[in-house]
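Colleague: Before anything else, here's the structure in question.
4 protein chains.
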Amino acid sequence: MIKAAVLGATGYAGIELVRLLTNHPEVSIEILGSQSFAGQKISDVYQNLRHILEKECEELDLEKAARCDVAFTALPHGASKTVIPSLLDKGLKVIDLSGDYRYDDAAVYEKWYGEKHSSPELLKESVYGLPELHREKIKKARLIGNPGCYTTCSILGAAPLLAGKIAETKNIIVDAKSGVTGAGRGLSLQNHFCECTETTKAYKVTNHRHTSEIEQELSNIAGEPIIISFTPHLIPQKRGILSTIYVNLNRPSSAEELVEMYKEFYKDEFFVRVKEVGELPETKHVAGSNFVDIGVCYDKRLQRAVVVSALDNIVKGAAGQAVQNMNLMFGLDEKTALANAGFYL
Amino acid sequence: MIKAAVLGATGYAGIELVRLLTNHPEVSIEILGSQSFAGQKISDVYQNLRHILEKECEELDLEKAARCDVAFTALPHGASKTVIPSLLDKGLKVIDLSGDYRYDDAAVYEKWYGEKHSSPELLKESVYGLPELHREKIKKARLIGNPGCYTTCSILGAAPLLAGKIAETKNIIVDAKSGVTGAGRGLSLQNHFCECTETTKAYKVTNHRHTSEIEQELSNIAGEPIIISFTPHLIPQKRGILSTIYVNLNRPSSAEELVEMYKEFYKDEFFVRVKEVGELPETKHVAGSNFVDIGVCYDKRLQRAVVVSALDNIVKGAAGQAVQNMNLMFGLDEKTALANAGFYL
Amino acid sequence: MIKAAVLGATGYAGIELVRLLTNHPEVSIEILGSQSFAGQKISDVYQNLRHILEKECEELDLEKAARCDVAFTALPHGASKTVIPSLLDKGLKVIDLSGDYRYDDAAVYEKWYGEKHSSPELLKESVYGLPELHREKIKKARLIGNPGCYTTCSILGAAPLLAGKIAETKNIIVDAKSGVTGAGRGLSLQNHFCECTETTKAYKVTNHRHTSEIEQELSNIAGEPIIISFTPHLIPQKRGILSTIYVNLNRPSSAEELVEMYKEFYKDEFFVRVKEVGELPETKHVAGSNFVDIGVCYDKRLQRAVVVSALDNIVKGAAGQAVQNMNLMFGLDEKTALANAGFYL
Amino acid sequence: MIKAAVLGATGYAGIELVRLLTNHPEVSIEILGSQSFAGQKISDVYQNLRHILEKECEELDLEKAARCDVAFTALPHGASKTVIPSLLDKGLKVIDLSGDYRYDDAAVYEKWYGEKHSSPELLKESVYGLPELHREKIKKARLIGNPGCYTTCSILGAAPLLAGKIAETKNIIVDAKSGVTGAGRGLSLQNHFCECTETTKAYKVTNHRHTSEIEQELSNIAGEPIIISFTPHLIPQKRGILSTIYVNLNRPSSAEELVEMYKEFYKDEFFVRVKEVGELPETKHVAGSNFVDIGVCYDKRLQRAVVVSALDNIVKGAAGQAVQNMNLMFGLDEKTALANAGFYL
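Residue numbers (our numbering), protein chains in the order written: chain A, 1 to 345; chain B, 346 to 690; chain C, 691 to 1035; chain D, 1036 to 1380.
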């Protein structure tokens, strides 16, 4: 059994990790780290866990953590940077769900996060945990920067066009819509039910941090620097992200050709489902699952591809992808504990 | 492997059965019966199933069904009555999700359903599939009348008070609130999103069919005929039933005594979670799981118990309970494929 | 023009008052009181008000308030008790939306609110602001205790049965369901969108303060002390309360007789709409309006009436009723600014 | 009093017209046209109207209609084309809510609607009913093609950039999100509550009819043909459209300059509210009102404006705009019956 510590277990990404790991046949949850709820049972904080996992939450104790094989760090921004080097020193593999270890270049991090990176030397070693693009590196990694929710959805939606050299690299626009779990469990007026239901809005227009993550990965694929427009929106549902991606093409194409290109690119990927010509994804098709669904359209009038990708932001966009990475790092079947259909209803 | 046929696979109870059975290690789904979608892949009707189950739906073929071990019939009312005797003849065990085989007495059925029962002789043999009350009979049964959603929630909520002889049998009132999946997938104006979100209503006041089912089981427990008020309500959410149950007591009591009584009554029941004194259930604690959560309060001023019970209407109230029954009928661990926490978010 | 001060203008009851008063042809809003947002424009706090009302919020200044004719106090519990005597001294009429001035008997208040009443002498003078029961007193009042949302819905739902002497006064049960605006704008985990949508729960079972208010009014109608069960529930919608009321009858009746009794009782009431036999209310029929809709059913098996009443908790259950009271107190047509249909969608 | 006929009164646009007109001091509703509900009271179909408007629905009778001054036609596509010429012959002014009379050029209509236009000669006379752009023509018009919901939101969002000659006319992208009332009251599986809540999707990507309407108006403003990407999405709320509009600029700019440009362009428009720099619209700010809110951002890295506009699709996007047009056509204050704040909650 793989001994796992989940640090930040009572946030939404953390608790989804717990949900997934309680169904994982090769994992035993040893530590539920939570500052706010230390001393309380996880099943009192999330009562759905009664009769399933009644373990107590605790503050981080590095000596105790040293007995684990892997730590998932779903900590508030900044906190993970001080904890992770210690965990690595103790010999754990670490999968970090914050933005801290997702960048190739500390300067990019520092520009978008507005602060100095505390352990830039680890950025050389950390692997961007998107298995569909970096599987072999993940298998050998000690430290994973688990990708953001918007970014997973957007990168996988655009990658085949760039890899296939049919995309113009200018004028790429990603218009993304996210459910409210993406904003976390912290209290704020904007997430109060009465302020949040029956309304939609854009936020952080032109300056959301995930922009830089998407640009890094798309630039790597394209082999040239790419700058995009990325606009996040908040929609009144719990789970789900839908990214609508606009990409001008450098030559005429067709929906058939584009769909074929996507199918070929993802032909070995269990968790990517490319829609047939004329089909489009919906977030309810992916809610509760680790799948990304991608529909591809072609606008002949404008020689432009319009790609729509969907995933569950706390599964493939966070906890599910973290488990997928763990499976790879420990030599397990990548699909273990993740091969289910989602709940649709 | 148990070979299973799911008849009526594309309704909401049916598709939840499919979801649960795709995670069941001892079951192979052989037949997906659907009149409306025969010839289409189930994964085209419910696209969340892509990469998980891409089997075609088909019309019922009794010869083919004969090769199965068990049939789940989630058919429109009436349809099941003609199909089920044939399935039994072919040697299958049958778990019927309609109201047809839930009654001890055909006369009660006929009064509440307003029509003649076509196979009353089968009522003698059929077992009311509520494992917490009828486990031993279920194990030996060939035909299960799988209980309704409101009824499971209400019966399990009231049973300990009646069994404990502390309940007055008059003035029992069950006020129940259900999510919209309970109304099924059929189109109707009342289930149109714009007519159904942001609104709550009562319906079928004084005459909902589930009243008779609850009365049958509570009367059996009490050893005397019980007549109740049962009022169903539709609330703007997908999954979940919450029953608020009012029971006058025949002597003074306390919340502590009542909670203790419930804990004792359900002490061996994995799927019933009795709340501590002062705790109350919420449907989000049970959504996506097979659990029933029960909170018990005592009104000293009125010598009255107020019990609140919650379950997921399409899991413990339909498909999950059906799988639980199947597990019992085939000698498996009752919890197989059902021991998970629900999704909370 | 009536000069009005709205104290507590930025809470949900307060802002609904502002919305209604901006449409009132005889009222000018002079003061928008808000401690949290003093110095900010109301149209920055609630941006729907841009181009309609761009007035600044301010802290309470009694000298300035003295220039007004009426004050609506939608203040946190307790605050209103210190402010209101001063406002009365300055010659204003006061409509208080808290529980402080709703009681005939300070002892009842003190029992249910757990604290001493600071101005019990005012209880002798204050009028319970339910126009359908106390219109004549309201017209002459200087101080109104504006009724609670649950209470308005429940009292109006039960009153005709008690007034008609057909009700048994024992075993009256009110099972009420409320939208989330009823919990106010304050932040709490239970009102976080992700914790609150797609779930239903009961709360404060057996001990909600509104119980005492309902009992006071029903006892007055019946001419004898009435003790009820009252159970509030939180449902995932913004506006609306639905009360399901169970009343045993002291003789056999029929739906037809009962509906007729209700129509007669409310025949002069514009804001009470009694449904025809077989019709039931829904909260969407009343959302955004000052109406109360009431449906009446009869359970022949149990000689019991089941009454379902619905209103918008922040209109007829708070701000709309306050305006209705103001209209009466100032000799205006009671319907002024309130005679609209609600928004349905 | 203006005598009005509302044809198609029981659809969502029709009933919103009825709601607005019942509050209009200068209008008397003479005819409620409805094929499906002829013979029923409108207050039985929409029970929120009880005590407000209890008039019967009826099939269209041209002789009776001839007594009216104005007809609002909210009819299914195609139906309006046969009815409208007759209404005009009878001397009525007509405000048509379908797409039939929105086009300058019948060929564009025929391309996007896939059928012959039955009365192309009327297109010469009909006026595109967007007061902010065509006020003077509307005042004199006999026939108004009332704009679509997506189009009003998108045109008003982009117009100042094109009028100001700062926009590049290539690569304009409109990504729009609509609530479900936009899909009407007709039954369809996609609008079933359980299929529609908690999910988001794109639809009609690259080929939605409103594309052509937006292109027509933007081309007119720019003085050159404009082709855009327009992508509609369905989001789980009732009311509201949010359009996110991407426009490359032909020279460097700033948020301050752009906001100033918008404020100047709309300085006389009561129903357009331009946000301050850094502010963004939300659909809850406009729900229930006739306002359009517009926020303007500037992406320095890309020399691109990102504009976010929001309106209520059945008010400013349909019924409210129709009333605004009527006010203009009859010489009333344009704001009559429309100058309210929306309901926010």
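Yeah, the Cβ is synthetic: ideal placement off N, Cα and C, and Gly gets one too. These figures come from a predicted structure and were not determined experimentally.
Quick check on DSSP: helix, strand or coil for residue 949 of chain C?
Modeller: Position 259 of the third sequence holds residue 949 of chain C. Helix, per DSSP.
Colleague: Let's see if you can read the secondary structure: which residues bound the alpha helix (DSSP H) around residue 779 of chain C?
Modeller: Reading the third sequence from its first residue, position 89 is the one you call residue 779 of chain C. Note, residue 779 of chain C: alpha helix (DSSP H), 769 to 779.
Colleague: Using three-state DSSP, classify residue 823 of chain C as helix, strand or coil.
Modeller: Counted from its first residue, the third sequence places residue 823 of chain C at position 133. Reduced to three states, the DSSP call for residue 823 of chain C is helix.
Colleague: In angstroms with no decimal places, state the Cα-to-Cα distance between residue 358 of chain B and residue 263 of chain A.
Modeller: Position 13 of the second sequence, counted from the first residue, corresponds to residue 358 of chain B. Position 263 of the first sequence, counted from the first residue, corresponds to residue 263 of chain A. Going from the Cα of residue 358 of chain B to the Cα of residue 263 of chain A covers about 33 Å.
Colleague: Have a look at residue 691 of chain C and residue 1016 of chain C and give me their C-alpha separation to the nearest angstrom.
Modeller: By one-based count along the third sequence, residue 691 of chain C stands at place 1. By one-based count along the third sequence, residue 1016 of chain C stands at place 326. So the two alpha carbons sit approximately 13 Å from each other.
Colleague: Which residues share a DSSP beta bridge with residue 518 of chain B?
Modeller: What you label residue 518 of chain B is simply residue 173 of the second sequence in a count that begins at 1. BP columns for residue 518 of chain B point to B:574 and B:591.
Colleague: How close, in whole Å, do the beta carbons of residue 544 of chain B and residue 974 of chain C come, if the pair is a contact with beta carbons under 8 Å?
Modeller: Counting from 1 along the second sequence, the entry for residue 544 of chain B is found at position 199. Counting from 1 along the third sequence, the entry for residue 974 of chain C is found at position 284. Sure, about 4 Å apart at Cβ, within 8 Å.
Colleague: Could you list which residues in chain D have their beta carbon closer than 7 Å to that of residue 979 of chain C, in chain order?
Modeller: As a first step, residue 979 of chain C must be located in the third sequence, where it is residue number 289. Result: 1083.
Colleague: So, with DSSP's three-state summary, where would you put residue 417 of chain B?
Modeller: Position 72 of the second sequence, counting from 1, holds the residue named residue 417 of chain B. Strand, per DSSP.
Colleague: Is there a Cβ from chain C that is less than 8 Å from the Cβ of residue 364 of chain B?
Modeller: For this step, residue 364 of chain B is matched to residue 19 along the second sequence. Taking Cβ atoms only, chain C never reaches closer than 8 Å to residue 364 of chain B, which makes this a no.
Colleague: Closest Cβ-Cβ distance between residue 661 of chain B and chain C: below 8 Å?
Modeller: The residue you call residue 661 of chain B lines up with position 316 of the second sequence. Cβ-Cβ to chain C under 8 Å: no for residue 661 of chain B.
Colleague: Taking buried to mean at least 16 other C-beta atoms within 10 Å of its own C-beta, is residue 121 of chain A buried or exposed?
Modeller: In the first sequence, residue 121 of chain A corresponds to position 121, counting from 1. Answer is exposed; the Cβ neighbour count stays below 16.
Colleague: Would you mind sorting residue 536 of chain B into buried or exposed? The rule is 16 or more other CB atoms within 10 Å of its CB.
Modeller: Translated into positions along the second sequence, residue 536 of chain B becomes position 191. Classification of residue 536 of chain B: buried, given that the 10 Å Cβ count is 16 or more.
Colleague: Is residue 1213 of chain D buried or exposed, if buried means 16 or more other CB atoms sit within 10 Å of its CB?
Modeller: On the fourth sequence, position 178 is the one that residue 1213 of chain D refers to. With 16 or more Cβ atoms within 10 Å of its Cβ, residue 1213 of chain D is classed as buried.
Colleague: Residues in the same chain with beta-carbon distance under 7 Å from residue 583 of chain B, minus the five sequence neighbours each way, listed in chain order, please.
Modeller: Reading the second sequence from its first residue, position 238 is the one you call residue 583 of chain B. Here the set comprises 524, 525 and 526.
Colleague: In or out: residue 1128 of chain D buried (at least 16 other Cβ within 10 Å) or exposed?
Modeller: Walking along the fourth sequence from the start, residue 1128 of chain D turns up at place 93. Buried is the call here.
Colleague: Output needed for residue 594 of chain B: all residues of its chain with C-beta closer than 7 Å, excluding positions within five of it in sequence on either side, in chain order.
Modeller: Locating residue 594 of chain B in the second sequence gives position 249, where the first residue counts as 1. If we look at residue 594 of chain B and ignore the five residues flanking it on each side, its Cβ neighbours are 511, 512, 513, 648, 649 and 650.
Colleague: Rounding to the nearest angstrom, what Cα-Cα distance links residue 1174 of chain D and residue 739 of chain C in this structure?
Modeller: Numbered from its first residue, the fourth sequence carries residue 1174 of chain D at position 139. Numbered from its first residue, the third sequence carries residue 739 of chain C at position 49. Cα-Cα distance, rounded: 28 Å.
Colleague: When the Cα atoms are used, what is the spatial distance from residue 1116 of chain D to residue 1135 of chain D?
Modeller: Position 81 of the fourth sequence, counted from the first residue, corresponds to residue 1116 of chain D. Position 100 of the fourth sequence, counted from the first residue, corresponds to residue 1135 of chain D. One C-alpha to the other measures close to 7 Å.
Colleague: Could you list which residues in chain A have their beta carbon closer than 8 Å to that of residue 1268 of chain D, in chain order?
Modeller: Indexing the fourth sequence from 1 puts residue 1268 of chain D at position 233. 177, 242 and 244, listed in chain order.
Colleague: Output needed for residue 706 of chain C: all residues of its chain with C-beta closer than 8 Å, excluding positions within five of it in sequence on either side, in chain order.
Modeller: Taking the third sequence and counting its residues from 1, one reaches residue 706 of chain C at position 16. Same-chain partners within the cutoff: 1004, 1005, 1008, 1009 and 1010.
Colleague: Listing by chain order, which chain A residues have their CB less than 7 Å from the CB of residue 1238 of chain D?
Modeller: Along the fourth sequence, one-based indexing puts residue 1238 of chain D at 203. Within chain A, the residues near residue 1238 of chain D are 280.
Colleague: Can you tell me the Cβ-Cβ gap for residue 976 of chain C and residue 937 of chain C, rounded? I've got them flagged as a contact below 8 Å.
Modeller: Stepping through the third sequence from its first residue, residue 976 of chain C is reached at position 286. Stepping through the third sequence from its first residue, residue 937 of chain C is reached at position 247. That belief does not hold up - the Cβ atoms of residue 976 of chain C and residue 937 of chain C are roughly 22 Å apart, past 8 Å.
Colleague: Run down chain A in chain order and give the residues with a C-beta less than 9 Å from the C-beta of residue 583 of chain B.
Modeller: Sequence index remark: in the second sequence, residue 583 of chain B carries index 238 (1-based). In chain order: 345.
Colleague: Taking the CB atoms as reference points, tell me whether residue 1197 of chain D and residue 1182 of chain D lie closer together than 8 Å.
Modeller: To locate residue 1197 of chain D, count along the fourth sequence from 1; it is residue 162. To locate residue 1182 of chain D, count along the fourth sequence from 1; it is residue 147. No, the Cβ-Cβ distance between residue 1197 of chain D and residue 1182 of chain D is not below 8 Å.
Colleague: In chain B, which residues lie less than 9 Å from residue 1220 of chain D when you measure between Cβ atoms?
Modeller: In the fourth sequence, the residue the question calls residue 1220 of chain D occupies position 185. Chain B residues near residue 1220 of chain D: 534, 537, 539 and 540.
Colleague: Closer than 6 Å by C-beta to residue 518 of chain B: which residues in its own chain qualify, once you throw out the five before and the five after it? Chain order, please.
Modeller: On the second sequence, position 173 is the one that residue 518 of chain B refers to. Correct list, in chain order: 574 and 591.
Colleague: Helix, strand or coil for residue 661 of chain B per DSSP?
Modeller: Against the second sequence, residue 661 of chain B aligns to sequence position 316. In this structure, residue 661 of chain B counts as helix in the three-state DSSP scheme.
Colleague: Return the first residue and the last residue of the alpha helix (DSSP H) that residue 1198 of chain D is part of.
Modeller: Residue mapping note: residue 1198 of chain D aligns to position 163 of the fourth sequence, counting from 1. Taken as a continuous stretch (DSSP letters only), the alpha helix (DSSP H) holding residue 1198 of chain D covers 1184 to 1198.
Colleague: Taking C-beta pairs closer than 8 Å, name the residues in chain C that residue 574 of chain B reaches, listed in chain order.
Modeller: Position 229 of the second sequence, counting from 1, holds the residue named residue 574 of chain B. Under the 8 Å cutoff, chain C gives 936, 989, 992, 994 and 996.
Colleague: For residue 1335 of chain D and residue 698 of chain C, I'd like the C-alpha separation in whole angstroms.
Modeller: Working through the fourth sequence from its first residue, we reach residue 1335 of chain D at position 300. Working through the third sequence from its first residue, we reach residue 698 of chain C at position 8. Their backbone Cα atoms lie some 42 Å apart in a straight line.
Colleague: Could you say which of C:1033, C:1031, C:1034 and C:1026 lies nearest to residue 714 of chain C if we only look at CA atoms?
Modeller: As a first step, residue 714 of chain C is located in the third sequence; it is residue number 24 there, counting from the start. Checking every option, the nearest Cα to that of residue 714 of chain C belongs to C:1026.
Colleague: Would you call residue 850 of chain C buried or exposed, if buried means 16 or more other Cβ atoms sit within 10 Å of its Cβ?
Modeller: Residue 850 of chain C sits at position 160 when you count from the first residue of the third sequence. Classification of residue 850 of chain C: buried, given that the 10 Å Cβ count is 16 or more.
Colleague: Per DSSP, what kind of secondary structure is residue 305 of chain A in: helix, strand or coil?
Modeller: Working through the first sequence from its first residue, we reach residue 305 of chain A at position 305. Residue 305 of chain A falls in the strand class under three-state DSSP.
Colleague: If I measure Cβ to Cβ from residue 233 of chain A and keep anything under 8 Å in the same chain, skipping five residues before and after, which residues do I get?
Modeller: On the first sequence, residue 233 of chain A is found 233 positions in, with the first residue counted as 1. Contacts found: 175, 176, 177, 178, 200, 201, 202 and 203.
Colleague: Residue 511 of chain B by DSSP, collapsed to three states: which one?
Modeller: Position 166 of the second sequence, counting from 1, holds the residue named residue 511 of chain B. Residue 511 of chain B: coil per DSSP, three-state reduction.
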